[in-house]
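Novice: This is the structure I have questions about; it appears just below.
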């Protein structure tokens, strides 16, 4: 299925979805050499964002975080694309200077949109395309 | 958000990849903040000049860009005087990396000037749209001059400098510039020392957070307003303030403040931060000194010798324009440095207690320099240091 949001950073990227309920700070929250979330107590602590379609509400922390996204791309550990609930300058600027496709304001409130399914983000059109995973009903 | 034909062409890559990226940044920020169009800017001031802040990857990104700024553009202060870093005790490897960052900006056409007071170098007028980054410069431009700028991040200010425009939102729009809270000051009806206005800003910033305050009961001059705004931007997130009957927009718009929240501040409340403790260094020039401040320091130091390190910080442009005042200050043993300040230079980390005349420095020195801090008037600072 295709849902439409708002294009923030141009380009197209595909990968397995990784959803964070908590905001992400790239400066000191993500290791630029490995792409692993290192913020202590973060729900995704220890997980790699490398190659994922990374979904989180919004960015937090220092504006220098923009350069960490750039570092991740240079090191080959950037997300394939970013989806925010609401874009703010740190992530938007970081995604643009690094060439990571990014969209926001897209309806992902579908139980079939979950970690591990493959999704494609088009930052030019603002579209998100994915095959919702069949959601099993409650056990009989 | 509307882009004109030329902007569309830039965005599509017609004028090269760097310009396309820069337009993409501005367009995205415009969308995020609900701008309807772009407005031309008169000048830019770019943060992210310190190697300590942007690191190796920030430097690599800057070095990858191929474009030139199209409006007068300066940098934020960096960790050292570009010429006299050895004398400041800065190590070679730090100086080398810092110079690489500056060189990367110079390649883009940025002026070799690292200052928080661009308004002393480029004519900045009422109603001008700007893209400035440093918080005290933003507060001064908006409040004292009546120009219009949001507090930009490094990449967005650089993008605006290269494109010559910025998305019109926030403080670029008159409707977003009205006061939101009244600060009624008592006990400061007559003129006071600059440090007192810094202390007022230090106190007020904590009270108002990110709201736009309007002050009554004070008659500050330009240097006083500079000190107030810098301190408020440090302890709060104030990017614009008004002073009743003094600042340009307050005189033009004659705001109706009857329905606003009111906060009362007495001079006695703000003066509690002035304490008499021993110090081992003095640092003046946060924000960078105006020509008047330089000459005032020179007069006060005349015929005296400093017995502890005494730093004065100003922009290179101001230092070069007033060699006489600088020579008179340095004759006392004090040093006048450009490009840097007590908040951002690692040279300040060697001291136990630093005395300042600035409310902003008073807020930042403990965290940024790992030193205790004392605030005093300019005269008290000089008395603490000089025979």
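Protein chains in written order, with the working numbering: chain L, -14 to 125; chain V, 825 to 1211.
Note that the Cβ used here is the ideal one computed from N, Cα and C, for glycine as well.
Predicted model only: the values in this text are computed from it and were never measured.
By Cβ distance below 8 Å, which residues in the same chain neighbour residue 930(V) in space, the five residues on each side in sequence not counted?
Specialist: The residue you call residue 930(V) lines up with position 106 of the second chain. Counting only Cβ-Cβ distances below 8 Å, and skipping sequence neighbours, we find 936.
Novice: Determine which residues share a DSSP beta bridge with residue 956(V) and list them.
Specialist: For the purposes of this step, residue 956(V) is taken as the residue at position 132 of the second chain. DSSP, once it has assigned bridges, lists 869(V) and 975(V) as partnering residue 956(V).
Novice: Use the C-beta contact count for residue 934(V): other C-beta atoms within 10 angstroms, 16 or more gives buried, fewer gives exposed.
Specialist: If you number the second chain from 1, residue 934(V) lands on position 110. Classification of residue 934(V): buried, given that the 10 Å Cβ count is 16 or more.
Novice: Whole angstroms are fine: how far does the CA of residue 32(L) sit from the CA of residue 67(L)?
Specialist: Position 82 of the first chain holds residue 67(L). Position 47 of the first chain holds residue 32(L). If you take the alpha carbons of residue 67(L) and residue 32(L), they lie about 16 Å apart.
Novice: Is residue 31(L) helix, strand or coil when you go by DSSP?
Specialist: As a first step, residue 31(L) must be located in the first chain, where it is residue number 46. Residue 31(L): coil per DSSP, three-state reduction.
Novice: Assign residue 915(V) to buried or exposed, taking buried as 16 or more other Cβ atoms, counted over all protein chains shown, within 10 Å of its Cβ.
Specialist: Looking up residue 915(V) in the second chain gives position 91. Exposed, because fewer than 16 other Cβ atoms sit within 10 Å of the Cβ of residue 915(V).
Novice: In the DSSP assignment, the alpha helix (DSSP H) including residue 842(V) goes from what residue to what residue?
Specialist: If you number the second chain from 1, residue 842(V) lands on position 18. Per DSSP, residue 842(V) belongs to the alpha helix (DSSP H) from 841 to 856.
Novice: Of the residues that make up the segment 43 to 65 of chain L, which ones have a beta carbon closer than 8 Å to any beta carbon in chain V?
Specialist: Cβ contacts with chain V: 48, 49, 51, 52, 53, 55, 56 and 59.
Novice: Given that residue -9(L) touches chain V, what residues does it touch there, using C-beta distances under 7 Å?
Specialist: Here the question's residue -9(L) lines up with position 6 in the first chain. Ordered by position in chain V, the residues that pass the 7 Å Cβ test against residue -9(L) are 855.
Novice: So which residues on chain V does residue 73(L) lean against when the C-beta distance must stay under 8 Å?
Specialist: Your numbering for residue 73(L) matches position 88 in the first chain. By Cβ distance, chain V contributes 856.
Novice: Return the chain-ordered list of same chain residues with a C-beta closer than 6 Å to the C-beta of residue 77(L), the five sequence neighbours on each side being excluded.
Specialist: Taking the first chain and counting its residues from 1, the one referred to as residue 77(L) is at position 92. Closer than 6 Å at the Cβ level, and outside the excluded window around residue 77(L), lie -7.
Novice: Could you tell me whether the Cβ of residue -5(L) comes closer than 9 Å to any Cβ of chain V?
Specialist: Your numbering for residue -5(L) matches position 10 in the first chain. Cβ-Cβ to chain V under 9 Å: yes for residue -5(L).
Novice: Let's see if you can read the secondary structure: which residues bound the alpha helix (DSSP H) around residue 74(L)?
Specialist: Walking along the first chain from the start, residue 74(L) turns up at place 89. Its alpha helix (DSSP H) spans residues 74 to 83.
Novice: Closer than 8 Å is the cut-off here; do at least three beta carbon pairs connect the segment 1106 to 1124 of chain V with the segment 1083 to 1095 of chain V?
Specialist: Because the criterion of three Cβ pairs below 8 Å is not met, the segment 1106 to 1124 of chain V and the segment 1083 to 1095 of chain V do not touch.
Novice: Report all residues from its chain with a CB closer than 6 Å to the CB of residue 111(L); omit the five preceding and five following residues, and keep chain order.
Specialist: As a first step, residue 111(L) is located in the first chain; it is residue number 126 there, counting from the start. Excluding sequence neighbours, residue 111(L) sits near -11, -10, -9, -8 and 88.
Novice: What does DSSP give as the partner residue(s) for residue 1161(V) in the beta ladder?
Specialist: Residue numbering aside, residue 1161(V) sits at position 337 when the second chain is read from its first letter. Note: residue 1161(V) sits in a beta bridge opposite 1137(V).
Novice: Output yes or no for whether 9 Å exceeds the beta carbon distance between residue 874(V) and residue 902(V).
Specialist: The residue you call residue 874(V) lines up with position 50 of the second chain. The residue you call residue 902(V) lines up with position 78 of the second chain. In this structure, residue 902(V) lies closer than 9 Å to residue 874(V) by Cβ.
Novice: According to DSSP, residue 1066(V) sits in a beta bridge with which residue or residues?
Specialist: Numbered from its first residue, the second chain carries residue 1066(V) at position 242. 1038(V), per the DSSP bridge assignment.
Novice: Please compile the residues from chain V whose C-beta is within a distance smaller than 8 Å of the C-beta of residue 82(L).
Specialist: Translated into positions along the first chain, residue 82(L) becomes position 97. By Cβ distance, chain V contributes 845, 849, 885 and 979.
Novice: Hey, would you say residue 1018(V) sits closer than 9 Å to residue 1048(V), going by beta carbons?
Specialist: On the second chain, residue 1018(V) is found 194 positions in, with the first residue counted as 1. On the second chain, residue 1048(V) is found 224 positions in, with the first residue counted as 1. In contact: residue 1018(V) and residue 1048(V) (Cβ atoms closer than 9 Å).
Novice: Return helix, strand or coil for residue 1182(V), following the three-state DSSP convention.
Specialist: Taking the second chain and counting its residues from 1, one reaches residue 1182(V) at position 358. Coil, per DSSP.
Novice: Return no unless some Cβ of chain L is closer than 9 Å to the Cβ of residue 877(V).
Specialist: If you number the second chain from 1, residue 877(V) lands on position 53. Cβ-Cβ to chain L under 9 Å: yes for residue 877(V).
Novice: Any beta carbon from chain L within less than 9 Å of residue 881(V)'s own beta carbon?
Specialist: As a first step, residue 881(V) is located in the second chain; it is residue number 57 there, counting from the start. So, interface residue.
Novice: Please classify residue 910(V) as buried or exposed, where buried requires at least 16 neighbouring CB atoms within 10 angstroms.
Specialist: As a working mapping, residue 910(V) is identified with position 86 in the second chain. Its Cβ having fewer than 16 others within 10 Å, residue 910(V) is exposed.
Novice: Quick one: give me the first and last residue of the alpha helix (DSSP H) that residue 917(V) is part of.
Specialist: In the second chain, residue 917(V) corresponds to position 93, counting from 1. Its alpha helix (DSSP H) spans residues 916 to 931.
Novice: So if DSSP puts residue 1106(V) in a beta bridge, which residue, or which two residues, is it bridged to?
Specialist: Counting from one through the second chain, the residue named residue 1106(V) turns up at place 282. For residue 1106(V), which the question treats as bridged, DSSP gives the partners 1134(V) and 1179(V).
Novice: Distance cutoff 9 Å, beta carbons only. Does residue 852(V) sit that close to anything in chain L?
Specialist: Position 28 of the second chain, counting from 1, holds the residue named residue 852(V). Closer than 9 Å to some Cβ of chain L, the Cβ of residue 852(V) qualifies, so yes.
Novice: Is residue 1155(V) helix, strand or coil when you go by DSSP?
Specialist: Taking the first residue of the second chain as 1, we reach residue 1155(V) at position 331. In this structure, residue 1155(V) counts as helix in the three-state DSSP scheme.
Novice: Shorter than 9 Å from the beta carbon of residue 872(V) to some beta carbon of chain L?
Specialist: Your numbering for residue 872(V) matches position 48 in the second chain. Taking Cβ atoms only, chain L reaches closer than 9 Å to residue 872(V), which makes this a yes.
Novice: Taking 9 Å as the threshold (beta carbon to beta carbon), is residue 96(L) in contact with chain V?
Specialist: Along the first chain, read from residue 1 onward, the residue named residue 96(L) stands at position 111. It does not; no Cβ of chain V falls within 9 Å.
Novice: Is any beta-carbon of chain V found at less than 9 Å from that of residue 17(L)?
Specialist: Within the first chain, numbered from 1, the residue matching residue 17(L) stands at position 32. Chain V contact via Cβ: present.
Novice: Let me confirm a value: residue 950(V) is counted as buried when at least 16 other C-beta atoms fall within 10 Å, else exposed. Which label applies?
Specialist: Within the second chain, the letter at position 126 stands for residue 950(V). When all chains shown are included, residue 950(V) counts as exposed.
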